Structures are given as C-alpha cells and as structure tokens.
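Residue numbering for the sequence shown follows the numbering used here, starting at 33 and increasing by one per position. Glycine included, every Cβ here is placed at the ideal spot set by N, Cα and C. Source: prediction; values computed, not measured.
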Amino acid sequence: MEYSSNKAGKPGFTLIELLVVISIIALLMAIMMPALSRVRESAKSTVCKSHIKQLVTAAMLWAEDNDGHVVPAMWHVPEKHPEDDTGMASSLRREATENGASLEPYTGSDAAKESSLYTCPSATKFGENFFSLSTSVFASTGDNRRGTISYGVNEFAVIYTGDKYVGTKGSPGVNGASYASWGDNNEYCLNRGKAKLAQIQKAASTVYFTDFSYPMVHNFMYNPLKVCYSPSPGSYAFVDTLANVPSGAQIVQARWHGKVDQQTGYGDSNIGWFDGSVTQEPEDFDDPEPVGSSGGGGFGGSRNKTYRWQRYFFDN
Numbered sequence: 033m034e035y036s037s038n039k040a041g042k043p044g045f046t047l048i049e050l051l052v053v054i055s056i057i058a059l060l061m062a063i064m065m066p067a068l069s070r071v072r073e074s075a076k077s078t079v080c081k082s083h084i085k086q087l088v089t090a091a092m093l094w095a096e097d098n099d100g101h102v103v104p105a106m107w108h109v110p111e112k113h114p115e116d117d118t119g120m121a122s123s124l125r126r127e128a129t130e131n132g133a134s135l136e137p138y139t140g141s142d143a144a145k146e147s148s149l150y151t152c153p154s155a156t157k158f159g160e161n162f163f164s165l166s167t168s169v170f171a172s173t174g175d176n177r178r179g180t181i182s183y184g185v186n187e188f189a190v191i192y193t194g195d196k197y198v199g200t201k202g203s204p205g206v207n208g209a210s211y212a213s214w215g216d217n218n219e220y221c222l223n224r225g226k227a228k229l230a231q232i233q234k235a236a237s238t239v240y241f242t243d244f245s246y247p248m249v250h251n252f253m254y255n256p257l258k259v260c261y262s263p264s265p266g267s268y269a270f271v272d273t274l275a276n277v278p279s280g281a282q283i284v285q286a287r288w289h290g291k292v293d294q295q296t297g298y299g300d301s302n303i304g305w306f307d308g309s310v311t312q313e314p315e316d317f318d319d320p321e322p323v324g325s326s327g328g329g330g331f332g333g334s335r336n337k338t339y340r341w342q343r344y345f346f347d348n
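#1: When DSSP labels each residue in this structure, what does Asp-349 get in the three-state scheme?
#2: Going by Cα to Cα distance, which pick from Pro-247, Asp-316, Leu-51 and Lys-85 is closest to Trp-305?
#3: Just confirm the distance between the C-beta atoms of Val-284 and Met-253, as a whole number of angstroms; I'd bet it's less than 8 Å.
#4: Identify, in the order they occur along the chain, each residue of the same chain with its Cβ nearer than 6 Å to the Cβ of Gly-290, setting aside the five sequence neighbours on each side.
#5: What residue range does the beta strand (DSSP E) around Thr-139 cover?
#6: Beta-carbon separation of Ala-133 and Leu-222 under 8 Å?
#7: Apart from the five residues on each side of it in sequence, which residues of its chain come closer than 6 Å, Cβ to Cβ, to Leu-50?
#8: Evaluate Gly-184 with the Cβ neighbour count: other Cβ atoms within 10 Å of its Cβ, from every protein chain shown; 16 or more gives buried, anything less gives exposed.
#9: Looking at the structure shown, is Met-248 part of a helix, part of a strand, or coil, going by DSSP?
#10: Please determine, among Leu-124, His-101 and Glu-130, the residue with the shortest C-alpha to C-alpha distance to Lys-112.
#11: Could you please give the first and the last residue of the uninterrupted beta strand (DSSP E) stretch that includes Tyr-220?
#12: If I follow the unbroken beta strand (DSSP E) through Thr-311, where does it start and stop?
#13: Check Lys-228 in the structure and name its three-state DSSP category.
#14: Starting from Asn-262 and walking both ways along the beta strand (DSSP E), at which residues does that stretch end?
#15: Tell me the rounded alpha-carbon separation between Leu-87 and Met-106.
#16: With distances taken Cα to Cα, identify the nearest neighbour of Phe-345 among Thr-242, Asp-293 and Ala-95.
#17: With three or more beta-carbon pairs closer than 8 Å as the criterion, would you say the region 87-101 touches the region 214-234?
#18: Starting from the C-beta of Val-323, find all residues in its chain whose C-beta is less than 8 Å away, skip the five residues before and the five after it, and write them out in chain order.
#19: Do you know offhand how far Tyr-138's Cα is from Val-190's?
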C-alpha cells in the first residue's frame, strides 16, 4: 500500500494572495481606527457631560441649603479634611471643609478617589497636568488620578458678581478688578459664592461649570482663542499657538473634547449652564470676531475688546 503526502485538489494560498489579504485587513483597520477613536471619545464626552450634570445638580442642592448662593471657590474640597493634607493651602481647605463648602455630601462622590465625577475621562489623554487636592498645585495625572480636578466654576459668579452683574448689560468685565473680592474673611472662597442663583438673569446661556484644569475658571487663565501657560508658579501668560509656549512651561488645559486643533491644542468644551442643562459649547463660542469694545476687564487678556465667549460668562 502506498501513501502520498500530496493533497491533490486542496491547493493552499500563495504568498502573493496572503500579502493581498494582509494588505486588505491593514487598510480596513486604517479606515476603522479613526471611527473607533471618535466613538471612544464620544463615549468619554457623554460620561463627562454626566459628571457636569451631577455637579450642577449638586450645586443647586447646595444652594437650597445656603440661602440660594452659588458655590464658593473651594467647592471641590473633601467633606472630611484628610489628615495627610499638607502644603500652603491646607489651612484654607480645612476651614472650607469645616464651613460646609464641599459638594461631596451632594454628589456622593469622593474627589480624592480615582474615577470620581470630579475628573473628566478625556482629560488624561494629554498626559498634562491638572489641579490636585493632595498638593493644591498642578500635579501630573498619569496613571494616578487621585485628587485630580478637571472642572471649573465660573469665577464671575463666585467673586466678581453681585445682583446686577451676571447676564445683564452691566458687565463685570469693565474695570472688573474693582469688583473682584474674596469677601470678608474670604467668605466667597470658604463659605459661599457672591451671586445668588436668582440673580442670574440668563441662566440658560451663562456658564456654571466647564472643563478646566483648575477648580475655578479664572479670568487670568482662560481664553478659548489663546493658549494659556504658566512661565513660573503663580504667573500666567497668553500666546497664539502651542509653538509659542516656552520650553518647560506648564500649559493650562481646557476644551479637550472632539477633534483637537494641533496649533492650539483645543477641541470643544462641555458646559453646565445655570439653568441645569449640560451641552457642548455653542458654535459661536470661539468666534474670533469681537462683539463689543467695552473691554473684557482683562478676562483672557482681552482688555480693550469683548468676545462672544466672554458673554457666556458674563454680560450676555
């Protein structure tokens, strides 16, 4: 009896055919990967909006227990001050905690734990720095997101604004520094914000919370038309593109959703409005054309002109 190793009638693939199949698979992956990346980012953005919605809702509940005021600057402090909290701002955080500034009782989320609703899931994709509860300075997110805050409250509602400065023609941006105050004994930092919710004239178009690498959207750190960086601790400057940022300088992160512009590092932001809604930023948010010349009060470095994005923070 003879046996043959030749399997007649069952030819295999040639090398050319295998290469063609591999090329087709590689092409399909190249086509699908951007779409998959967009789906992942869309999912992260949805989670981010949910986080902001919970923060805004918590802030509304907090207001009911605090005479209708907006949250103070230290809204992000833990409900219980951690014993290992040290640093220059530790005493302020401790006092803010004792004064009930924390939103934790209303969010049910611990800001000092990983994946809390205080952290946007898209914020870590830059590998850049965000405010950290543990050090009260910008601390690298990396793999350890403990104590990372990536949402900021509208500064103009916290320390600049009174009963006529939010959402009215009386813009706090004009000579805004004269209105800025932490209040007696730092009350707007530690106890309550200056404005009341009932005083927000256009709640549906005035920012309450948004994506930011600091717990408060400061006028000297935020401008969606410019890149903000810190040349040294406590000082900030604006330039047109990332290429103009000095080597080693800390970039202040904002607007990181969707397609990111390579020149500025900006995409879009998610915004929680004073009416409780949460949306992606309006289409005209980054309109480069000025809408007024009354002055931006230095907000975002714009002292002589007012831009549309500023009016979502005040004077809309």
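Reading from the atomic positions:
#1: Residue 349 is absent from the structure shown; the chain starts at 33 and stops at 348.
#2: Lys-85
#3: 5 Å
#4: Gly-299 and Asp-300
#5: Counted as a single uninterrupted DSSP element, the stretch harbouring Thr-139 is not any beta strand (DSSP E) but the alpha helix (DSSP H) occupying residues 136-139.
#6: yes
#7: none
#8: The residue is buried, with at least 16 neighbouring Cβ atoms inside 10 Å.
#9: strand
#10: Glu-130
#11: Run containing Tyr-220: none in the beta strand (DSSP E); it sits in the alpha helix (DSSP H), 219-222.
#12: 310-312
#13: strand
#14: The identity of residue 262 in the sequence shown is Ser, whereas the question assumes Asn. First-last of the beta strand (DSSP E) with Ser-262: 259-264.
#15: 14 Å
#16: Thr-242
#17: Segments in contact, yes.
#18: Hits under 8 Å: Thr-338, Tyr-339, Arg-340 and Arg-343.
#19: 19 Å
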